[in-house]
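Protein chains in written order, with this note's numbering: chain W, 826 to 1005; chain E, 826 to 1005.
Note that the Cβ used here is the ideal one computed from N, Cα and C, for glycine as well.
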């Protein structure tokens, strides 16, 4: 199994759409349908992004999610941490203290400081996290925009506009609930 | 769950003992008992290390595992890869091609090359792997040796010597089997 789950991929894709949405609020259902992915799955990601202060939610007919700050100020690491929570690369079991020679009473030199193996893993984890911290949602959005033809953004806006304009017709807005 | 399993910790600790064993062959059972960890668990790690060319196995009364090359030529990355196998940081589901606007026929621009999100994750994974590749078992062994008092190495050799000298008394060597 990969270290980072599919929720990270889904979450970043959703945030890229919000970055392109020009401050229009989009529901997690609209974002899921636009991307052809499970609305239930996407709905579970947004409370985490909201809790981490990456998106804000608004209710009502025009409600939905918006980025809470400019895409250039949201790092990929923040998104990963928001979705995955604390998830170490390596979970040290401290087996160094169990050596039979210590007979259950490991001396201080054997267990003081960080285990040398753990230290290497922490260094590798830091290198990984620094790379993710150096990339922003804005960098990603710019790269994705360069790939797509000029007409695509307008087509997407039109598709989303069609959805949001018929929101009331499809179902009544539910007050005091996170936008689904 | 952490990305790297406890097998990596156990495996590296065992290899550190082999690095300190001065070319004496140690069975996985002796290594497990010395470290106070499950012999069954350790026994499952060694065939992987052997397959990857990091240890060699010999049979008979004096049989066991030895490092297949100097500790300074075994990188932590090689050990991790031997034990964990191919295990990506991020498993891209390529959801970029599922956009509703494509109606099941994503255009080439949408799916060509590596997904921008995946590219960032691959960069982070490379940074992590490069850190692990830059550390060797020899580096780790030197660090561990500096921590322990001068007498510890002799005590460990005596403990292991006690075990290996009574091997025949405990059980007959089984031919054509990996040393357990």
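Evaluate the contact criterion for the stretch 913 to 930 of chain E versus the stretch 931 to 943 of chain W: three or more CB pairs, one atom per stretch, below 8 Å. no
Going by CA-CA distance only, name the one from W:927, W:962, W:910 and W:980 that's closest to residue 827 of chain E. Counted from its first residue, the second chain places residue 827 of chain E at position 2. The shortest Cα separation from residue 827 of chain E among W:927, W:962, W:910 and W:980 belongs to W:910.
For residue 858 of chain E, which residues in chain W fall below 7 Å Cβ to Cβ? Locating residue 858 of chain E in the second chain gives position 33, counting from the first residue. In chain order: 925.
Give the C-beta separation of residue 920 of chain W and residue 835 of chain E to the nearest angstrom, bearing in mind that I take them to be a contact with Cβ-Cβ under 8 Å. For the purposes of this step, residue 920 of chain W is identified with residue 95 of the first chain, where counting begins at 1. For the purposes of this step, residue 835 of chain E is identified with residue 10 of the second chain, where counting begins at 1. At roughly 7 Å, the Cβ-Cβ gap stays under 8 Å, so residue 920 of chain W and residue 835 of chain E are in contact.
Between residue 831 of chain E and chain W, is the shortest Cβ-Cβ distance under 8 Å, so that the two count as touching? One-based indexing of the second chain puts residue 831 of chain E at position 6. Taking Cβ atoms only, chain W reaches closer than 8 Å to residue 831 of chain E, which makes this a yes.
Using 10 angstroms around the beta-carbon of residue 907 of chain W, count the other beta-carbons present and answer buried if the total reaches 16, otherwise exposed. For the purposes of this step, residue 907 of chain W is taken as the residue at position 82 of the first chain. Burial call: buried.
Given that a residue counts as buried once 16 or more other Cβ atoms are within 10 Å of its Cβ, and exposed if not, what is residue 956 of chain W? By 1-based counting over the first chain, the position of residue 956 of chain W is 131. Under this definition residue 956 of chain W is a buried residue.
So the alpha helix (DSSP H) residue 986 of chain W belongs to, where does it begin and stop? Translated into positions along the first chain, residue 986 of chain W becomes position 161. Residues 975 to 990.
Exposed or buried, which one is residue 863 of chain E when buried takes at least 16 other CB atoms within 10 Å? Here the question's residue 863 of chain E lines up with position 38 in the second chain. Counting the other Cβ atoms within 10 Å of the Cβ of residue 863 of chain E gives fewer than 16, which makes it exposed.
When you check each C-beta in the stretch 953 to 985 of chain W against every C-beta of chain E, which residues fall closer than 8 Å? 953, 954, 955, 956, 957, 960, 965, 968, 969, 972, 973, 974, 977, 980, 981 and 984
Within 9 Å of chain E by C-beta, residues of the stretch 832 to 855 of chain W in sequence order: 833, 834, 835, 837, 838 and 841
Please report the distance separating the alpha-carbon of residue 847 of chain W from that of residue 874 of chain E. Your numbering for residue 847 of chain W matches position 22 in the first chain. Your numbering for residue 874 of chain E matches position 49 in the second chain. Roughly 54 Å between the two C-alpha positions.
Would you mind reading off the limits of the alpha helix (DSSP H) that contains residue 840 of chain E? As a first step, residue 840 of chain E must be located in the second chain, where it is residue number 15. Where residue 840 of chain E is concerned, the enclosing alpha helix (DSSP H) stretches over 831 to 845.
So residue 892 of chain E packs on residue 840 of chain E, CB below 8 Å; how close in whole Å? For the purposes of this step, residue 892 of chain E is taken as residue 67 along the second chain, with counting starting at 1. For the purposes of this step, residue 840 of chain E is taken as residue 15 along the second chain, with counting starting at 1. For a cut-off of 8 Å, the C-beta gap from residue 892 of chain E to residue 840 of chain E is around 7 Å, short enough to register as a contact.
Helix, strand or coil, according to DSSP, for residue 962 of chain E in the structure here? The count along the second chain starts at 1 and reaches residue 962 of chain E at position 137. Helix.
For chain W, check one thing: does any of its Cβ atoms lie closer than 8 Å to the Cβ of residue 827 of chain E? What you label residue 827 of chain E is simply residue 2 of the second chain in a count that begins at 1. By this cut-off, residue 827 of chain E is an interface position.
One question on the structure: do residue 867 of chain W and residue 857 of chain W come within less than 8 Å of each other, judged by their Cβ atoms? Within the first chain, numbered from 1, the residue matching residue 867 of chain W stands at position 42. Within the first chain, numbered from 1, the residue matching residue 857 of chain W stands at position 32. Closer than 8 Å, so yes.
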